[in-house]
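The structure appears below as structure tokens.
Numbering (mature numbering (1 follows the signal peptide of the UniProt record, and there is no 0)), first residue to last: -20 to -1, 1 to 311.
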């Protein structure tokens, strides 16, 4: 199916006025020369954008970060973990006073978010960081041109640079988004260069669950990928614990398996790190007594879980030095 955007100039310039949350201030820079029209291929066919857009709704998790980085103020935003969170440490400066409509929990309630999204009168919808089914996509694209994930990636497993590239092309900013991606990759390369102590070492990201078990995030998860991007490796002996695609679970009695990692990164979720730090069995583990454990707060963990052109630099500012300190304790 091919969706086409061909809007009159009056529609591009004039948007309907706003209740408090509909972001009547949605804006976008002029497209780069020759960037529009453009056709985006994706899992459900292709979408053609024929005219510049100023009102873009971000239905995918992380999609709004790319838009903001490119100077596009979205009409909607899909929070990472906290369903009420519009403003974050990594987007606050770019978002400014704008108030895009919050789309809570698009992973489980995507269909319920469609009316809220369409009510913001978008000219383009990005759902690259989401997993709409075909019926949901058809409903969206019948009303507004919509882009979703590329066909060659599974749901929720689109690499951050691919996600950014597709969105950048759709809003007529292919060169600008390529520059943003290159800047982030250069920063990651600098981290690896500046921290030779990471080379040859392993690390694992974990979170304590409410029942006392330990969630282990694999290399396919954003939290695990972050550590790999810093030059650390996922422990070979823990690969068998990853049983659900992105993560696996260790029972409390098997927590000692984590000592296979040189560095253990414990990510907070609703007070889970405090519970770990008061757990006698946890505190007896060699990676704890040997100061090879790093505790990161929930906001950092949420940002790690969705790598974007905005979250990656911010997470690095919070996480690299504590991890480097732990790396010096590896014997």
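All C-beta atoms in this analysis are idealised placements derived from N, C-alpha and C, irrespective of residue type, glycine included.
The structure presented is a predicted model; accordingly, all values stated were derived computationally and were not measured.
The beta carbon of residue 62 sits closer than 8 Å to those of 282, all from its chain and outside the five residues before and after it, given in chain order.
Straight-line measurement puts the Cα of residue 206 at about 14 Å from the Cα of residue 181. Here the C-alpha atom of residue 167 lies approximately 10 Å from the C-alpha atom of residue 161. Rounded to whole angstroms, the Cβ separation of residue 37 and residue 54 is 6 Å, and the two are in contact under 8 Å. Between residue 140 and residue 287, the C-beta spacing is below 8 Å. The DSSP assignment places 140 to 150, 154 to 174 as complete runs of the alpha helix (DSSP H) inside the stretch 140 to 190, in order along the chain (cut-off: 4 residues). For residue 221, there is no enclosing beta strand (DSSP E), since its DSSP letter is neither H nor E. In this chain, the beta strand (DSSP E) harbouring residue 230 covers 227 to 230.
Cα atoms of residue 272 and residue 193: separation of roughly 20 Å, rounded to the nearest angstrom. One thing to note: residue 285 has its Cβ within 8 Å of the Cβ of residue 202. As the crow flies, the alpha-carbon of residue 19 is around 40 Å from that of residue 186.
With 16 or more other CB atoms across the displayed protein chains lying within 10 angstroms of its CB, residue 79 is buried.
Out of 255, 290, 243, the CA that lies nearest to the CA of residue 269 is found in 243. Residue state for residue 199 is assigned as coil, using DSSP reduced to three classes. Taking all protein chains shown into account, residue 153 has 16 or more neighbouring C-beta atoms within 10 Å of its C-beta and is therefore buried. The beta carbon of residue 116 sits closer than 7 Å to those of 90, 91, 94, all from its chain and outside the five residues before and after it, given in chain order. Residue 218 and residue 241 do touch by the CB rule: their CB atoms are close to 7 Å apart, below 8 Å. Note: residue 246 is bridge-paired with 186, 275 in the DSSP secondary-structure output. Contact annotation: residue 100 and residue 150 have beta-carbon atoms that are not nearer than 8 Å.
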